[in-house]
Amino acid sequence: MKTSVVIGGNFAGMTAALELKRKGKDQQRVIMIDKSPLFLFIPSLIWVPFGRREVKDISFRKDEILKKKGVEFMQAEALKVDTELQIVQTTKGDVHYDDLVVATGPKVKYDVAPGVEKYAHYVGTPNGAMKIRKALEEFKKNPGPIVIGATQNAGCMGAAYEFLFNIEKWLREQNIRKKVDLYWITPETFLGHFGIDGIKGGETMLKSFMKMFNIHYRTEVGVEEVMENKVKLSSGEELPSSFTMLMPPFIGVDFVQNSPGLKATAAGYIPVTDDYRHVTLPNVWAAGIAVDVKLPFEPGKVPFSGPKTGYPSDETGKIVAENIIRVQQGKNELKKKGWGKIPGICIMDAGKKEVIILSDKLFKPRKFAIMIPNIFYDFNKVLFEKYFLWKTKHGYSRLP
């Protein structure tokens with residue numbers, strides 16, 4: 001029996017662990033190490049500040065599901081790995097592996113600019129989303145300007161766009177929209193770049209959204225400093241702000257940074273080939289946000305990154321599991337699908353409206369790419385949430 005250890009247990013880690021056990025059966029011992037026993041459907045966090053979802057609605061116990069499927073769950077913090085001895089050191093002891101899957105997700109780089117951590121909100125964690133809910137209740141009493149966006153080096157622009165349109169809708173529902181100047185700031189070279197070099201018609205569509213919702217926007221700007229009542233931009237402009245929500249950059253987690261044997265990039269990501277196998281360590285694999293992704297385009301005067309969303313994370317988890325099994329069976333041919341060649345499948349919420357984004361590849365060159373607006377209701381966004389929660393709660397990792 002071979003032992004595969006999976007570090008991290010959300011989109012990529014959960015899929016990789018379940019698929020490893022499903023495909024390897026009795027020949028595969030799978031251990032997941034994660035600090036939390038909960039699975040969180042991160043895309044729906046944008047609804048939590050506005051009361052459309054509670055955190056309990058989008059999370060559930062993953063340890064129980066894993067146990068039913070034969071995966072061992074170790075609730076502990078992975079501290080570092082010795083890649084020569086093939087041992088992961090955790091807060092609850094050492095774990096030996098034959099194959100290691102790094103699916104650790106991101107660490108948020110709040111120190112990207114002074115004041116970001118202290119004065120700007122971040123919607124990407126349950127705690128951050130609930131803090132925003134509380135802050136907005138206070139904001140209603142004394143409305144003022146709002147700044148929403150992404151900082152330099154950020155890659156998760158899509159979630160920031162979603163939050164922007166949701167807060168615009170919330171302002172209208174609270175009957176205070178006319179009292180609020182709403183600003184969007186982004187390092188993107190144009191609206192709708194999304195870190196994927198855009199999709200035909202996307203810039204025009206988003207410009208029309210900004211005009212329709214009366215949102216002021218600034219492209220190709222970074223954040224110099226966030227203060228209590230304003231945001232200083234790299235362009236020299238200062239925007240007044242009574243409420244600020246920014247998406248900072250992601251970097252590799254401490255586990256990766258503390259493990260020199262992983263030979264990670266300066267940002268803390270795992271260098272892999274198109275089969276998600278480490279470039280020099282044949283029994284180390286990476287999936288999801290932990291993967292080092294090379295951008296096929298040059299950002300403009302302000303640096304930014306590419307997106308590492310749920311669908312590619314899920315896909316890479318499947319590819320890693322398949323390839324580990326193939327290697328253990330003595331097969332030489334591995335499944336290959338580089339990050340940029342994974343199809344682009346995304347539904348961007350726009351405040352009970354949505355934009356469906358589909359492409360045959362995440363990065364150019366593409367044969368097919370389209371953005372379809374649905375101005376009536378975010379039906380598909382809700383349906384996708386319900387489907388993914390259902391399939392994950394039942395351990396149906398094989399499903400798309």
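1 is the number of the first residue of the sequence shown in the UniProt record's numbering; add one for each residue after it.
Note that CB positions come from ideal geometry on N, CA and C, so glycine has one too.
As the structure is a computational prediction, the values presented were derived from the model and not from experiment.
**Option in R366, E385, E19, E354 with minimal Cα separation from L164** = E354
**Item:** Secondary structure of E333, DSSP reduced to three states
**Value:** It is coil, neither helix nor strand.
**Message:** Tell me which residue opens and which closes the beta strand (DSSP E) that F41 is part of.
**Reply:** Neither: F41 is in no beta strand (DSSP E) and is coded neither H nor E.
**Message:** Rounding to the nearest angstrom, what Cα-Cα distance links G70 and E19 in this structure?
**Reply:** So the alpha carbons of these two residues sit roughly 11 Å apart.
**Message:** Suppose the cutoff is 7 Å on Cβ atoms and the five residues either side in sequence are ignored; what does the same chain contact list for L206 look like?
**Reply:** Closer than 7 Å at the Cβ level, and outside the excluded window around L206, lie L191, G192.
**Message:** Bridge partners for M371 per DSSP, in chain order?
**Reply:** I357.
**Asked** Quick one: Cα of N258 to Cα of A290, how far?
**Response** 14 Å
**Request:** May I have a chain-ordered list of the alpha helix (DSSP H) segments no shorter than 4 residues that lie completely inside the segment 248-292?
**Result:** 254-257
**8 Å contact criterion, which T309 and P249 should meet: CB distance rounded** = At roughly 15 Å, the Cβ-Cβ gap does not stay under 8 Å, so T309 and P249 are not in contact.
**Item:** Any 3 or more C-beta pairs closer than 8 Å across the segment 20-37 and the segment 61-80
**Value:** yes
**Prompt:** DSSP on K232, reduced to helix/strand/coil?
**Reply:** strand
**Prompt:** Contact check, S397 vs R52 under 8 Å by CB: the rounded distance?
**Reply:** Going by Cβ atoms, the distance from S397 to R52 rounds to 28 Å, so no, they are not a contact pair.
**Prompt:** Counting pairs of Cβ atoms below 8 Å between the segment 89-98 and the segment 130-140, do you hit three or more?
**Reply:** no
**Request:** Sort out for me which residues DSSP pairs K80 with in a bridge.
**Result:** Q89
**Message:** Tell me which residues share the same chain as S59 and place their Cβ nearer than 8 Å to its Cβ, disregarding the 5 neighbours each side in the sequence.
**Reply:** L38, F39, L40, F41, P126
**Prompt:** How would you write the range of the alpha helix (DSSP H) that R22 sits in, first residue to last?
**Reply:** 11-24
**Request:** Along the beta strand (DSSP E) that carries W184, what are the first and last residues, could you check?
**Result:** 182-185
**Message:** So the candidates are V6, N175, S234, M245; which of them puts its Cα closest to the Cα of R218?
**Reply:** S234
**Asked** F304 and M157: beta carbons closer than 9 Å?
**Response** yes
**Span separating the alpha-carbon of P373 from that of I356** = 6 Å
**Prompt:** In terms of alpha-carbon separation, which member of F297, G306, D111, A135 lies closest to E225?
**Reply:** D111
**Asked** Can you round the beta-carbon distance between D292 and I270 to whole angstroms, since I take them to be within the 8 Å contact cut?
**Response** 6 Å
**Message:** Just checking: is the beta-carbon of Y269 within a distance shorter than 9 Å of some beta-carbon in chain D?
**Reply:** Here there is only one protein chain, and chain D is not present.
**Request:** May I ask which residues mark the beginning and end of the beta strand (DSSP E) holding P240?
**Result:** 238-240
**Asked** So, helix, strand or coil for M227, using DSSP?
**Response** coil
**Asked** In terms of alpha-carbon separation, which member of K25, Y122, K169 lies closest to G351?
**Response** K169
**Item:** Residue of M371, S242, R177 minimising C-alpha distance to A135
**Value:** Distance from the Cα of A135 is smallest, within the candidate group M371, S242, R177, for S242.
**Request:** Report the option in T265, V320, M245 whose CA atom is closest to the CA atom of E117.
**Result:** M245
**Request:** Determine the burial state of M1: buried for a count of at least 16 other Cβ atoms within 10 Å of its Cβ, exposed for fewer.
**Result:** By the 10 Å Cβ count, M1 comes out exposed.
**Prompt:** Do the CB positions of V91 and L100 come within less than 9 Å of each other?
**Reply:** As written in the sequence, residue 91 is Thr, which differs from the Val given in the question. Result no, Cβ atoms of T91 and L100 do not sit closer than 9 Å.
**C-beta atoms of V302 and A120 nearer than 9 Å** = no
**Item:** Sequence ranges, beta strand (DSSP E) only - wholly within the segment 95-173, length at least 3
**Value:** Here the runs fully enclosed are 99-102, 146-150.
**Message:** Taking the straight line between their C-alpha atoms, what separation do you get for A113 and V223?
**Reply:** 6 Å
**Prompt:** Would M275 pass as a contact of K335 if the rule is Cβ separation under 9 Å?
**Reply:** Note that residue 275 is Asp in the sequence shown here, rather than Met. Yes, the pair counts as a contact, with Cβ atoms nearer than the cut-off.
**Item:** Extent of the continuous alpha helix (DSSP H) run through S305
**Value:** Unbroken run through S305: none, as it is neither H nor E.
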